[in-house]
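Participant:
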Amino acid sequence: MGNQYHSPTPNLSPNQCGSSLVQTINAPLPLVWSVIRRFDNPQAYKQFVKSCRLSVGDGGTGSVREVVVVSGLPAATSTERLDELDDELHVMMVSIIGGDHRLVNYRSTTTLHEINGGGDDGKTVVVESYVVDVPAGNSKEDTCSFADMIIGCNLRSLARVTEKLAKV
């Protein structure tokens with residue numbers, strides 16, 4: 074699953090951390106991609122998103138979204154930019170460019186990979202990697218653990234949503 078988008082050892086500065094998470098989904102790649110590529114609708118599978126609206130663009134590369142986060146998390150809003158959306162290679166790159174949270178200089182890359190020959194009963198492997206600054210007073214371990222927890226929850230939710238859609 075490794076490719077040009079995910080580096081096993083990204084070039085991190087001393088105040089950054091990063092990781093890659095992998096989720097296998099029992100749904101065909103086109104279905105999974107149709108859900109994940111909707112930059113304007115992350116709440117379709119991201120359970121920590123209360124609402125989202127585009128402030129710039131139409132959902133394509135360069136678009137900016139204003140996300141309202143559910144209560145209970147150490148944040149209320151996040152401003153995110155879609156840096157790349159490649160419908161052929163199934164690549165999405167997003168940067169967090171503002172908000173009232175501690176994920177400063179957060180950049181993620183998500184790629185989808187088809188396994189089992191595709192078709193209606195195919196499987197999809199989703200790889201999401203990220204790099205983020207470690208806030209003052211936090212450890213790399215705490216920062217990565219928090220980001221891993223959020224991304225892991227999002228990927229498991231994506232699997233539940235798309236696997237249910239695949240059975241319809």
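Each residue of the sequence shown is one higher than the last, beginning at 74 in the working numbering. Note that CB positions come from ideal geometry on N, CA and C, so glycine has one too.
Taking the alpha-carbon positions, what's the Val95 to Gly195 distance?
Facilitator: Residue mapping note: residue 95 aligns to position 22 of the sequence shown, counting from 1. Residue mapping note: residue 195 aligns to position 122 of the sequence shown, counting from 1. Approximately 17 Å, taken between the alpha carbons.
Participant: Any chance you could list the beta strand (DSSP E) runs of at least 3 consecutive residues sitting entirely within the region 164 to 236, in chain order?
Facilitator: Segments of the beta strand (DSSP E) lying fully in the region 164 to 236: 164 to 172, 180 to 188 and 196 to 206.
Participant: Label Asn178 either buried or exposed according to how many other C-beta atoms from any shown protein chain fall within 10 Å of its C-beta, with 16 as the threshold for buried.
Facilitator: Reading the sequence shown from its first residue, position 105 is the one you call residue 178. Exposed, because fewer than 16 other Cβ atoms sit within 10 Å of the Cβ of Asn178.
Participant: Evaluate contact between the region 229 to 238 and the region 125 to 143, counting only Cβ atoms and requiring at least three cross-stretch pairs below 8 Å.
Facilitator: No: the two stretches stay apart, fewer than three of their Cβ pairs being nearer than 8 Å.
Participant: In whole angstroms, what is the alpha-carbon distance linking Asp215 and Ser93?
Facilitator: Position 142 of the sequence shown, counted from the start, is the residue given in the question as residue 215. Position 20 of the sequence shown, counted from the start, is the residue given in the question as residue 93. Whole-angstrom Cα-Cα distance: 16 Å.
Participant: Distance check for Ser181 and Val204, CA to CA, integer angstroms please.
Facilitator: Within the sequence shown, numbered from 1, the residue matching residue 204 stands at position 131. Within the sequence shown, numbered from 1, the residue matching residue 181 stands at position 108. Looking at the two C-alpha atoms, the distance is approximately 7 Å.
Participant: On the criterion of 16 or more Cβ atoms from any shown chain inside 10 Å, does Arg110 qualify as buried, or is it exposed?
Facilitator: As a first step, residue 110 is located in the sequence shown; it is residue number 37 there, counting from the start. Under this definition Arg110 is a buried residue.
Participant: Give the secondary structure of Leu127 by DSSP, where H, G and I count as helix, E and B as strand, and everything else as coil.
Facilitator: On the sequence shown, position 54 is the one that residue 127 refers to. In the structure shown, Leu127 sits in a strand (DSSP, three-state: E or B).
Participant: Roughly how many angstroms separate the alpha carbons of Gln268 and Val141, rounded to a whole number?
Facilitator: With the chain covering 74 to 241 only, the question about residue 268 has no answer from this structure.
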